[in-house]
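Comments concern the structure below.
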Amino acid sequence: MKTKKLNEKYKWYMQSLELIQEISKALLEENDKLLRSLRSQLK
Amino acid sequence: MGRSLNKTNLRKSLDYLIQLLIVFAGVYAAFFLDDVKTQQRNQQKRIQIYHSLLKQAEQDSIEMSQAFSMLDSVVITPYLTAYEKGLMPTLKPIFLGSAAYSTRTWEAILATGGLDVLDLKLIEDMEAYYLQVHNLIDRMKKMEMLCIQQLLPNFDKD
Chain A
378 MKTKKLNEKY KWYMQSLELI QEISKALLEE NDKLLRSLRS QLK
Chain B
261 MGRSLNKTNL RKSLDYLIQL LIVFAGVYAA FFLDDVKTQQ RNQQKRIQIY HSLLKQAEQD
321 SIEMSQAFSM LDSVVITPYL TAYEKGLMPT LKPIFLGSAA YSTRTWEAIL ATGGLDVLDL
381 KLIEDMEAYY LQVHNLIDRM KKMEMLCIQQ LLPNFDKD
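For the record, the sequence lines run as chains A and B. Quick note, the numbering used here runs 377 ahead of the 1-based positions in the first sequence. Quick note, the numbering used here runs 260 ahead of the 1-based positions in the second sequence.
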């Protein structure tokens, strides 16, 4: 029972890390989109 | 005598009309030049604003990249690699560090009347960007807090 709960916590942590990876990619993409937009408007 | 007076009056009237036209042309030219100067000033201001926003976005990009890269190399990749191998790796706090963004430049632009010279598209782009980034960072911070406050202290508990 304890092992099962422990495994769930490991899994939860793993999923959290994957989610953070996805969010960080989305953030960098948003930033990149803004940079491209600003540069194109400056041309 | 009467005809000569009429001629003189006509000439005077023409002179007045010409003077009036000259004054109008002068005033119009002054307004036109002023308008051109204002447009030039606005264009310069617009370019300065774009450069400031670009600089700020580049700075945000560097700081976010560094923070995510650090988090990835120290916490995420080692954990995920070990987890995939079926190991029970140590859980580390999810530390986002300097993963942030700054609205200072945008706020300063709004406060100094920059909106008057900006295109609507840029204003919409900036507002959408800050809203999206704010929501994403907020989600990350919540994950960070959940991990530090809930998961890690209670990890060995039932």
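For glycine and all other residues, C-beta sits at the position ideal for the given N, C-alpha and C. Computed from a prediction, not measured in an experiment: that's the story for all the values here.
- In the three-state scheme derived from DSSP, where H, G and I count as helix and E and B as strand, B/G374 is classed as helix.
- Judged by DSSP secondary structure, B/P338 falls within the alpha helix (DSSP H) whose first and last residues are T337 to E344.
- For A/K381, there are no C-beta contacts with chain B under 8 Å, since the nearest C-beta of that chain is about 10 Å from it.
- By the neighbour-count criterion, in which 16 or more other beta carbons inside 10 Å mark a residue as buried, B/D376 falls on the exposed side.
- Taking every protein chain shown into account, the CB of B/F328 has 16 or more other CB atoms within 10 angstroms, so this residue is buried.
- C-alpha of B/P338 to C-alpha of A/W389: approximately 16 Å in a straight line.
- Under the three-state reduction of DSSP, B/D416 is assigned to coil, being neither helix nor strand.
- The beta-carbon of B/L380 is placed no less than 8 Å from the nearest beta-carbon of chain A.
- Contiguous alpha helix (DSSP H) elements confined to the segment 283-344 of chain B occur at 337-344, taking only those with 4 or more residues.
- Shortest Cα-Cα distance from A/L412 to any of B/A290, B/G286 and B/H311 involves B/H311.
- Residue contact check for B/A317 against chain A: a CB pair falls below 8 Å.
- B/K381 has its alpha-carbon roughly 37 Å from the corresponding atom of B/I336.
- Spatial neighbours of B/K401 in its own chain (CB-CB distance under 8 Å, excluding positions within 5 residues in sequence) are listed in chain order as L356.
- Sixteen is the threshold: when 16 or more other Cβ atoms of the shown chains lie within 10 Å of the Cβ of A/S401, as they do, the residue is buried.
- Under the DSSP assignment, B/Q392 falls in the alpha helix (DSSP H) whose first and last residues are L380 to L406.
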